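Chemist:
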Amino acid sequence: MTNKEFFIKTWGAEMERTLAAVRGLPTDMSKLDYRCHSKARSASEIIGHMLSHAEAICNAVDTSIANEENGKTFESIDEAASYFEKYAKLLMEKLQSVDDKTWDDQIVEFRVNGNKVFAYPMMNIFWMFMFDIIHHRGQLSTYYRSMGVRNPSIYGPTAEDMEAMAAASN
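Residue numbering for the sequence shown is 0 to 169, as defined by numbering that gives the first Met the number 0.
Following this line, the structure appears as structure tokens:
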């Protein structure tokens, strides 16, 4: 398996987990104003930031520029999930036609609001973005109960799942 093939396989699995995390958020969008500290991002800001990564690297396949635009907002959880799912799937499709040399060597610029921050080979940038999505998903996972909803199961059972399993075995 090549690095690119491993990325596509891992991306697909992690994006399903990310979709589960997004769909587990409260549907009352006002609850997404929650932030655990005044210096921390709100839940809404976290999802706007992390979900836009999929669009940025999807566009970078064609342009060699991964541009992050700050302040992406959504009217609903369904809109956020649909947006992310669209670009996550499109990225996997686009990467099928990228040859290994391009994946390994093509320099992609990372920009924030159009300003160049750094540039690395495509594979490095894409792995970095995926890990950043996982990182922010982890941050978001600490917000669910404070927003009044159950944590989604991401890598295994939640506290509620464990309680239900214990009750079922008694």
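C-beta: ideal position from N, C-alpha, C; glycine also.
Since the model is a prediction, treat every value here as computed from it, not as a measurement.
1. If we ignore side chains and look at the alpha-carbon of each, how far apart do Ser140 and Glu74 end up?
2. Do Arg110 and Ala53 have their CB atoms nearer than 8 Å?
3. Put Asn66 into one of helix, strand or coil per three-state DSSP.
4. The beta strand (DSSP E) that contains Ala118, what's its start and end?
5. Measuring only the C-alpha atoms, how far is Asp98 from Met127?
6. Between the alpha carbons of Tyr86 and Leu50, how many angstroms are there, rounded?
7. By the 10 Å Cβ neighbour count, where 16 or more other Cβ atoms means buried, how is Gly70 classified, buried or exposed?
8. When the Cβ atoms of the segment 18-33 are set against those of the segment 147-161, are three or more pairs found closer than 8 Å?
9. Which residue wins for smallest C-alpha separation from Asp61, given the options Ser37, Arg136 and Glu92?
10. Hey, could you find the ends of the beta strand (DSSP E) Val111 is sitting in?
11. Between Pro120, Gln95, Ile46 and Thr157, which lies nearest to Thr72 when the distance is taken from Cα to Cα?
12. What residue ranges within the segment 14-82 form continuous beta strand (DSSP E) runs of no fewer than 3 residues, ordered along the chain?
Modeler: So, to answer that:
1. Looking up residue 140 in the sequence shown gives position 141. Looking up residue 74 in the sequence shown gives position 75. Ser140 and Glu74: Cα-Cα distance of roughly 21 Å.
2. Working through the sequence shown from its first residue, we reach residue 110 at position 111. Working through the sequence shown from its first residue, we reach residue 53 at position 54. Against a cut-off of 8 Å, the Cβ pair of Ala53 and Arg110 comes out as no contact.
3. Start at 1 with the first residue of the sequence shown, and residue 66 comes out as number 67. Strand, per DSSP.
4. Counted from its first residue, the sequence shown places residue 118 at position 119. It spans Asn114 to Pro120 - the beta strand (DSSP E) in which Ala118 sits, taken as one unbroken run.
5. One-based indexing of the sequence shown puts residue 98 at position 99. One-based indexing of the sequence shown puts residue 127 at position 128. When rounded, the distance between both Cα atoms is 19 Å.
6. As a working note, residue 86 is residue 87 in the sequence shown. As a working note, residue 50 is residue 51 in the sequence shown. Taking the straight line from one Cα to the other gives about 9 Å.
7. Residue numbering aside, residue 70 sits at position 71 when the sequence shown is read from its first letter. With fewer than 16 Cβ atoms within 10 Å of its Cβ, Gly70 is classed as exposed.
8. yes
9. In the sequence shown, residue 61 corresponds to position 62, counting from 1. Comparing Cα-Cα distances from Asp61 to each of Ser37, Arg136 and Glu92, the minimum goes to Glu92.
10. One-based indexing of the sequence shown puts residue 111 at position 112. Counting along the chain, the beta strand (DSSP E) containing Val111 begins and ends at Ile106 to Val111.
11. Sequence index remark: in the sequence shown, residue 72 carries index 73 (1-based). Per the Cα distances, Ile46.
12. 64-67
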